[in-house]
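Worksheet: one structure, shown below.
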Amino acid sequence: MRAYDRQETFDMLPFRALARSIDAMLQAKKTGKAVAPARMTVQMEDKGTLLIMPASQGSLAVVKLVTVHPDNYAVRRMPTIQGEVVVIDTDDGSRLGVLDGMALTARRTAALTMLAARKVAPDPYGPILVVGAGAQAREHLRAFREALVSEKAYICSRHGSSARELAREAKSWGLDAEVVSSPAEAMDKCTVIITATTSRTPVIGPEVRDDAFIAAIGSFTPDAAELPPELVRKSRLFVDTMEGAMEEAGDFIQAGVDWSTVMALEDVEDKDKPEKGPVIFKSVGHALWDLAAAKLAFGR
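Residues are numbered in this note's numbering as their position in the sequence shown, beginning at 1, plus a constant of 78.
Encoded structure:
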């Protein structure tokens, strides 16, 4: 069984093809042709979180193990998210390989956000504000640059050196990237806002443009929220999965949303695309998106 490193995993998952694979998986989920039980979450005392996520469809199954340690970078200069994805042939149970979990998670999350932007953002091609400067922030900027040809980005992070490093890298892709000290400095300029942090409290304010699309992809527990309740309550709301969001989307849970007003991405049709915002897409992650990535990586 071969283990694929970070760069090899990235190379197996180009954004446009990955978005198509996730879109196909959305429909497989809707029709009951793909299976994924609820994610198991284990709190490792006060040190971090262990996530266990299996999924299966057709000839392929995956199991992902992920650890999330919010203080890793600041304390140890280690990644916040670490993990691996074991890919299994369902016909005989053999292991086809192990993909780098951090690379796969960052890339499939960015591809999912980009797909959501295409489906529900009033203006997915405008300037981007990314809050955070880790792997998720990097891949989101790259996805929007490569697949939506975004030209301007603002980066805000509590780690100024990380933001500057990411800006330098983004410029090498042809993206006009600028570091800001506060999200408020750029929010009135951006039609796309992405929060990619491990913060348990809101990282942006409630005042955004009327045509803003906000993707909140960092928090994944009921007691954590990257967005203020005032912003959530005045926005059109979309999620990657309804079952996951109702259990784990602290941004929505803490705002006390009426879940009948929230739409899952699998149910979105052309007529559902809002003409104006604000629009929020909340993703807490799902094993089926890992499976979609594995199917692309292994040609299934």
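In this text, a Cβ means the ideal position worked out from N, Cα and C, and glycines have one as well.
Shown here, residue 121 sits in a strand according to DSSP, grouped into three states.
In the three-state reduction of the DSSP assignment, residue 198 falls in the helix class. Per DSSP, the continuous beta strand (DSSP E) segment holding residue 135 begins and ends at 126-135.
For residue 310, the CB contacts under 7 Å within the same chain, skipping 5 residues up- and downstream, are 329, 330, 333, 335 and 358 in chain order. Rounded to the nearest whole angstrom, the C-alpha separation of residue 150 and residue 351 is 39 Å. In the three-state reduction of the DSSP assignment, residue 332 falls in the coil class, being assigned neither a helical nor a strand state. For residue 177, the secondary structure class from DSSP, reduced to helix, strand or coil, is strand.
A residue is called buried when at least 16 other Cβ atoms come within 10 angstroms of its Cβ; residue 172 does not meet this threshold and is exposed. Under the Cβ criterion (8 Å, minimum of three pairs), the stretch 246-260 does not count as touching the stretch 268-279.
As DSSP reads the structure, residue 167 sits in a beta bridge with 138. The stretch 312-327 makes no contact with the stretch 81-95, as fewer than three CB pairs between them are under 8 Å. For the set 225, 206 and 275, the Cα lying nearest the Cα of residue 287 is the one of 206.
Pairing residue 304 with residue 273 gives a Cβ-Cβ distance under 7 Å. Nearest Cα to residue 142 within the set 126, 315 and 119: 119. When the Cα atoms are used, residue 348 and residue 197 turn out to be separated by approximately 7 Å. Per DSSP, residue 288 is not a residue of any alpha helix (DSSP H), being assigned neither H nor E. Note on residue 285: under 16 other CB atoms within 10 angstroms of its CB, so exposed under the neighbour-count rule. Annotated three-state conformation of residue 273 is strand, per DSSP.
Apart from sequence neighbours up to five positions away, the residues of its chain that approach residue 93 with a beta-carbon distance below 8 Å are 185, 188, 189, 192, 220, 221, 224 and 225, ordered along the chain. Excluding sequence positions up to five before and after residue 354, its CB lies within less than 6 Å of the CB of 200, 288 and 289, all in the same chain and listed in chain order.
The Cβ-Cβ distance between residue 261 and residue 208 does not fall below 7 Å.
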